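Enquirer: Quick one: the structure is below, and I'll ask about it shortly.
Residue numbers (UniProt numbering): 1 to 111.
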């Protein structure tokens, strides 16, 4: 579990700014992973499952689903769940959603 998860377990209060920075960092990580798959000329990514099976995909949803199994920190897991909920409800736009969330959070931090 990451720092925020440990802090919340201990009942520590985190400032709004600290939480914003942690969400921004997690969204930035997520966007840097799925971002290259964006658009009609997006790259294919090689995904390796815990069972050592290999998948090649340029689907942001496939990448997110494979990440959901490996991320253990609370903030990243929360963002992954939100992205997967978006994909379930809309069926498309997973990568775009990740990039938009990261852009909004980055803009908030810069202000």
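The beta carbon of each residue, even a glycine, is placed where N, CA and C say it ideally should be. All figures in this text were calculated on a predicted structure; none of them were measured in a lab.
Cβ atoms of residue 47 and residue 66: under 9 Å apart, would you say?
Expert: Yes, the pair counts as a contact, with Cβ atoms nearer than the cut-off.
Enquirer: Assign residue 32 to one of three DSSP states: helix, strand, or coil.
Expert: Three-state result, residue 32: helix.
Enquirer: Inspect the beta-carbon positions of residue 102 and residue 61 and report whether they are closer than 9 Å.
Expert: Result no, Cβ atoms of residue 102 and residue 61 do not sit closer than 9 Å.
Enquirer: With a threshold of 8 Å on Cβ separation, who are the neighbours of residue 56 within its own chain once the five nearest residues in sequence on each side are excluded?
Expert: Correct list, in chain order: 44, 45, 46, 47.
Enquirer: Any idea what DSSP makes of residue 41, helix, strand or coil?
Expert: If DSSP states are grouped into helix, strand and coil, residue 41 belongs with coil.
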